[in-house]
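In the order they appear, the protein sequences are chains A and B.
Sequential numbering from 0 applies to the first sequence in numbering that gives the first Met the number 0.
Sequential numbering from 0 applies to the second sequence in numbering that gives the first Met the number 0.
Don't be surprised by glycine CBs; every beta carbon is placed ideally from N, CA and C.
Structure record follows, encoded as structure tokens.
There are 2 protein chains.
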Amino acid sequence: MAEATIRDVARRAQLSVATVSRALNGFENVSEQARERITAAVAELGYVPHAGARSLSLARNNAIGVVLPDLHGEFFSEFVRGMDREASRRGYLLLLSNLHAGGQQAANALRAMRGRVDGLIVMAPHLGADELSAALPKGLPSILINTRAGAGEHPSIHLDNAAGVRAVVDHLASLGRRRLVHIAGPADNIDAQERETAFREAVATHGLDGRIVAGDFETESGEAAIRRLLADGIEFDAVFAANDNMAIGALEALRAAGKRVPEEIAVVGFDDIPLARHVEMTTVRVRIAELGERALQRLVDGLIKESGGDELHAPELVIRSTTDPKANG
Amino acid sequence: MAEATIRDVARRAQLSVATVSRALNGFENVSEQARERITAAVAELGYVPHAGARSLSLARNNAIGVVLPDLHGEFFSEFVRGMDREASRRGYLLLLSNLHAGGQQAANALRAMRGRVDGLIVMAPHLGADELSAALPKGLPSILINTRAGAGEHPSIHLDNAAGVRAVVDHLASLGRRRLVHIAGPADNIDAQERETAFREAVATHGLDGRIVAGDFETESGEAAIRRLLADGIEFDAVFAANDNMAIGALEALRAAGKRVPEEIAVVGFDDIPLARHVEMTTVRVRIAELGERALQRLVDGLIKESGGDELHAPELVIRSTTDPKANG
DNA sequence: ACGCCAGATGTAACCGGTTACATGAGCCAG
DNA sequence: CTGGCTCATGTAACCGGTTACATCTGGCGT
């Protein structure tokens, strides 16, 4: 009752395995008669080709490995969705492996991909350049996502945080806001770092007053940050949080304190999560699915022709009523 | 510059492939000296075993295939997260394939899994029992999720919609509500069907007045449904939508019409999406990640010992302020 | 009638691992 | 000194496909 193999089909059709293989792969040089016998045998045996064996002899897997850290839901599903969309369009499967722990665990996850996939999409923000280079199976085309380390050696795609931040600050400046507060994300998060740095620069460029307070990407930290500022009697007319969650926390704290948004204080987030749309918040939309799509696209194209270098993925400002009362929700 | 194989390692270490294989797989019967030479050779060549070849000879892949339809973000990421968590715990990888189109496309997706995975987790709500049986590679252990067709033949796990609905209706009845409205989901969605049927039954059991109006799982349809009821002058004191999105639409329509929630009209959803928590809505929580976890767990356990039958996955009522003003948010 | 060629089919090596079985070395008991 | 045992190691078959190359057939030109 074991699974039928191509040899079983050959025996049943009274032909050689070579002919069967050719017929199944749509070669021209197979007689009509042979083709019929083979189709019949396949149906009778319920034969399904063994993709693993096929991959081995073709040295080609039609699969892409995806290695991600433990991600927040929204990002994860959108990213995978994007990759999947492009993958199924091109006849590839996605082999998923999450990078829970660090170090050795990560190396194993990457190694397990060898011989099962034709390329790797890796997001490993917490890995150093050396660890990463050591862990990546050499000779397996890889593309790095939002990973600053080793960007020179491997093709990579990064979210263009600076561009998003500039768009926000430009927008706030154009609305006449002068005293901006940035609620930063966790210090060990690269996106948070980049957003903070870009904020400093953009504020300097516009000659605005820019203040930075700490946050950790959670709603509560945004709320707490604003309460502290208000309690300290700090003056400001705009809040730009490093992500939407904190911006929502900020929004609630402001409204609880009786501040009018956006008339007195404008609020801007980053990411454009569904909730942001619901509360009509101005934010920076990151088309994550598109990022995944691009990554896969570039990787698969690169399987044919090597294409190194770093690419940026541009986000987009979405203006809603927490900055502009005229913007409808 | 091709990848090193085990034979290269053997040559370099001046040993046979058998010894190398044994050493790499941690067998006891390898001398210390041989082991050292092998470790050195592996390091020098940067050898990484070819998982595909290994799978072929072991007839074991350490991978589980996951075939899902095009799902809503929240569900998808939670489900995959759950499976992944359990998979990595057990040393399995996840091979993902989305089921975009129907029929032949679906069959191909399933076939492509043969020989790359040890088992299949399939969610194919739109496939008939026959199609499904035909498409599933025979001899590949499979577990069906939220798929009514062919539940008898294969092990499966279903969301217990009826239990969730009963909990809601019990809760509303205990609050003294008598005239309930159910905003149903799309007619071709199985969960929507089950929720609607269960609603009819629960309402009958309690001897309540139950009315059903159409919806399509989108926020707007919930809003429209309520507006229509109000315009028609229909009397009701509770709304139970087949999902949270529609419940939120209903909530907005009620508030826009000046109705007080929950004093005049209670509102309940289904799913417990993050937004539901934010608007403090009573709903039925479906622990999707847990569902994924269970599916994988059961499948992998079943690889050892076949365990047929159908299992139910129970959801849980979460009471918030759209039904009970005392419930804090 | 014969050689040549095209086209269908078969044989067997190969992809990169694992492993049953064979071999050979070293040790000890008789 | 030798038979028999243990233990490390090697040889080669095997997993299930693909494919280079060999073989066979029939048709055609001269």
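*Is it buried or exposed for Thr321(B), if we count other Cβ within 10 angstroms and need 16 for buried?*
buried
*Among the residues of its own chain, which have a CB less than 8 Å from the CB of Gly301(B), if the five just before and after it don't count?*
Gly118, Pro140, Ile142, Pro154
*asked:* Rounded to whole angstroms, what is the Cα-Cα separation between Gly328(B) and Glu152(B)?
replied: Because Gly328(B) sits at a pLDDT of 46, beneath the cut-off of 50, its placement in the model cannot be relied upon, and the following sentence gives the value as read from the coordinates. Cα-Cα distance, rounded: 44 Å.
*Determine the burial state of Glu222(B): buried for a count of at least 16 other Cβ atoms within 10 Å of its Cβ, exposed for fewer.*
buried
*Is Ala50(A) close to chain B, meaning its C-beta is less than 8 Å from at least one C-beta of that chain?*
yes
*asked:* Does Leu250(A) pass the burial test, meaning 16 or more other C-beta atoms within 10 Å, or should it be called exposed?
replied: buried
*For my contact list, Arg94(A) and Leu67(A) are in at a C-beta cut-off of 8 Å; report their separation, rounded to the angstrom.*
First, the amino acid is wrong: residue 94(A) is Leu here, not Arg. Not quite, the Cβ-Cβ distance comes to about 12 Å (not below 8 Å), so this is no contact.
_Candidates Ala1(B), Phe26(B), Tyr46(B), of which the one nearest Ala9(B) by Cα_ = Tyr46(B)
*Return the chain-ordered list of same chain residues with a C-beta closer than 7 Å to the C-beta of Pro185(A), the five sequence neighbours on each side being excluded.*
Ala191, Asp215, Phe216
_Cα-Cα separation, Phe269(A) to Asp69(A)_ = 20 Å
*Reference Arg89(A), options Ala326(A), Pro324(A), Arg319(A), Gln296(A), closest by Cα*: Gln296(A)
*Mind listing which residues of the stretch 119-141 of chain B have their C-beta closer than 7 Å to chain A's C-betas, in chain order?*
Pro136, Lys137, Gly138
*At 7 Å on the CB atoms, spell out the chain A contacts of Asp83(B), in chain order.*
Leu95, Asn97
*Quick one: any contact between the stretch 167-174 of chain B and the stretch 34-52 of chain A, if contact means 3 or more CB pairs under 8 Å?*
no
*Could you please give me the residues that DSSP links to Ser141(A) through a beta bridge?*
Leu119(A)
*alpha helix (DSSP H) containing Asn160(B): first to last residue?*
160-173
_Within chain A, partners of Val79(B) - CB distance below 8 Å_ = Phe75, Ser76, Val79, Leu95
*Compare the C-beta of Ala9(A) against all C-beta atoms of chain B and say whether one is closer than 8 Å.*
no
_In DSSP terms, what Glu315(B) is bridged to_ = Arg284(B)
*If you count every other CB in all the chains shown that lies within 10 Å of the CB of Ser220(A), and 16 or more means buried, which is it?*
buried
*Residue-chain proximity (Leu158(B), chain A), Cβ-Cβ < 8 Å*: no
*Please confirm if the stretch 103-121 of chain B is in contact with the stretch 49-65 of chain A, defined as three or more CB-CB distances below 8 Å between the two stretches.*
yes
_Start and end residues, beta strand (DSSP E) containing Ser20(A)_ = Taken as a continuous stretch (DSSP letters only), Ser20(A) belongs to no beta strand (DSSP E), being part of the alpha helix (DSSP H) at 16-23.
*Quick one: what does DSSP say Ser155(B) is sitting in, helix, strand or coil?*
strand
*asked:* I'd like the ranges of any alpha helix (DSSP H) spanning at least 4 consecutive residues and lying wholly in the stretch 203-231 of chain B.
replied: 218-230
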